[in-house]
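Below is one structure, written out as structure tokens; the observations come after it.
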Amino acid sequence: MHVERRVRDVLYDVVAGLFRLGFRLFRWSFDARGQEHIPATGPVIVASNHISYLDFSFVALCQRRRRIRYMVRSDVMHTPVVGAALRALRQIEIDPYGDARPGYRDALGALRAGDVVGIFPEGTISPSFVPMEGRAGAARLAAAAGAPIVPVAVWGSQRVLTKGRDPRPARGIPILVRYGEPLLVERRADSRQATDELMARIEQLLKQAQDDYPDQPAGPDDRWWLPAHLGGTAPTVEEAAAMIARQNEERRSQGSRD
Numbered sequence: 022m023h024v025e026r027r028v029r030d031v032l033y034d035v036v037a038g039l040f041r042l043g044f045r046l047f048r049w050s051f052d053a054r055g056q057e058h059i060p061a062t063g064p065v066i067v068a069s070n071h072i073s074y075l076d077f078s079f080v081a082l083c084q085r086r087r088r089i090r091y092m093v094r095s096d097v098m099h100t101p102v103v104g105a106a107l108r109a110l111r112q113i114e115i116d117p118y119g120d121a122r123p124g125y126r127d128a129l130g131a132l133r134a135g136d137v138v139g140i141f142p143e144g145t146i147s148p149s150f151v152p153m154e155g156r157a158g159a160a161r162l163a164a165a166a167g168a169p170i171v172p173v174a175v176w177g178s179q180r181v182l183t184k185g186r187d188p189r190p191a192r193g194i195p196i197l198v199r200y201g202e203p204l205l206v207e208r209r210a211d212s213r214q215a216t217d218e219l220m221a222r223i224e225q226l227l228k229q230a231q232d233d234y235p236d237q238p239a240g241p242d243d244r245w246w247l248p249a250h251l252g253g254t255a256p257t258v259e260e261a262a263a264m265i266a267r268q269n270e271e272r273r274s275q276g277s278r279d
């Protein structure tokens with residue numbers, strides 16, 4: 022087991038180095054604050070908003086205190102190349118549209134082994150770039166494992182690689198990451214109430230990141246990456262909710278593991 026973990030850690034560090042090289046090639050700048058809120062040892066859940074396909078890498082690599090094992094959707098875990106890499110890194114497979122119990126058990130086991138588990142409570146990328154209602158899985162895991170939840174907000178990543186946009190990453194983009202104080206969830210706590218508190222903290226961190234963000238849209242056609250309430254042309258919260266509802270219904274009706 023010790024050898025297996027060591028191999029996984031070496032692979033993680035190699036992949037992390039490749040990601041950091043890619044970041045430099047695209048000249049992305051990073052402003053990360055609050056990394057000290059991630060405990061140096063013991064089980065931890067890191068829970069972030071989700072606006073880009075690369076959020077996991079920014080949250081994981083803008084801090085160097087711990088290696089993070091993310092909960093990853095089944096369809097992603099079984100894609101060529103990427104899926105193989107994720108499995109080699111022992112990321113945690115979860116099927117949110119089927120039977121999520123095996124993924125939950127694996128995540129709980131990782132926490133009880135003292136690992137850091139990464140979760141996107143919204144379950145998918147928010148089309149509005151505004152945090153959606155969170156699912157209660159993070160709170161339930163925290164209560165069962167006695168693990169604190171570190172809330173995180175990422176901003177700017179939607180300009181790099183997000184759903185429904187040109188897949189070519191833009192260059193010279195500022196990425197801001199804010200890590201908040203740990204949220205402690207009691208074993209008998211109401212998971213819905215704890216989740217609402219978690220999402221409120223993420224929203225507060227997100228507002229801080231938005232206030233600190235150094236860029237503004239270059240013109241009317243560049244306002245797509247701003248939420249509607251900030252004067253952007255991203256879908257409204259209501260439009261985004263309808264989009265997600267249709268998407269989820271299609272996945273369920275098709276029996277997709279997405």
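Residue numbering for the sequence shown follows our numbering, beginning at 22 and increasing consecutively.
Backbone N, C-alpha and C define an ideal beta-carbon position, used for all residues, glycine too.
Contact check, residue i vs residue j, beta carbons under 7 Å
| i | j | result |
| --- | --- | --- |
| G124 | E114 | yes |
| P172 | L219 | yes |
| R244 | T257 | no |
| F40 | I196 | no |
| Y234 | Q56 | no |
| V151 | S69 | no |
| S73 | Q179 | yes |
Exposed unless 16 or more other CB atoms sit within 10 angstroms - verdict on residue i
| i | result |
| --- | --- |
| P241 | exposed |
| V137 | buried |
| V77 | According to the sequence provided, residue 77 is Phe. The question's Val does not apply to it. When all chains shown are included, F77 counts as buried. |
| L132 | buried |
| A106 | exposed |
| L251 | exposed |
| A61 | exposed |
Spatial distance of residue i from residue j (CA atoms)
| i | j | result |
| --- | --- | --- |
| S147 | H71 | 6 Å |
| L42 | S50 | 12 Å |
| M153 | E143 | 6 Å |
| A221 | D187 | 31 Å |
| V65 | R88 | 11 Å |
| T145 | R156 | 11 Å |
| L110 | S149 | 31 Å |
Residues near residue i by beta carbon distance below 6 Å, same chain, minus five either side
| i | result |
| --- | --- |
| A53 | C83, V198 |
| A215 | A160, V206 |
| P190 | F47, V181, L182 |
| G139 | V67, I89, Y91 |
| I223 | N70, P152, P172, A174 |
| K184 | I146 |
Chain-order list of residues whose beta-carbon lies under 8 Å from that of residue i (same chain, five-residue window excluded)
| i | result |
| --- | --- |
| P112 | First, the amino acid is wrong: residue 112 is Gln here, not Pro. The residues are R90, Y91, M92, V93, M98. |
| S277 | With a pLDDT of 48 at S277, under the threshold of 50, the modelled position of this residue cannot be trusted; read the value that follows with caution. Here the set comprises D96, Y118, E271. |
Cβ-based neighbour list, residue i, same chain, cut-off 7 Å, excluding 5 preceding and 5 following
| i | result |
| --- | --- |
| A37 | L82 |
| L227 | N70, P152, A174, W176 |
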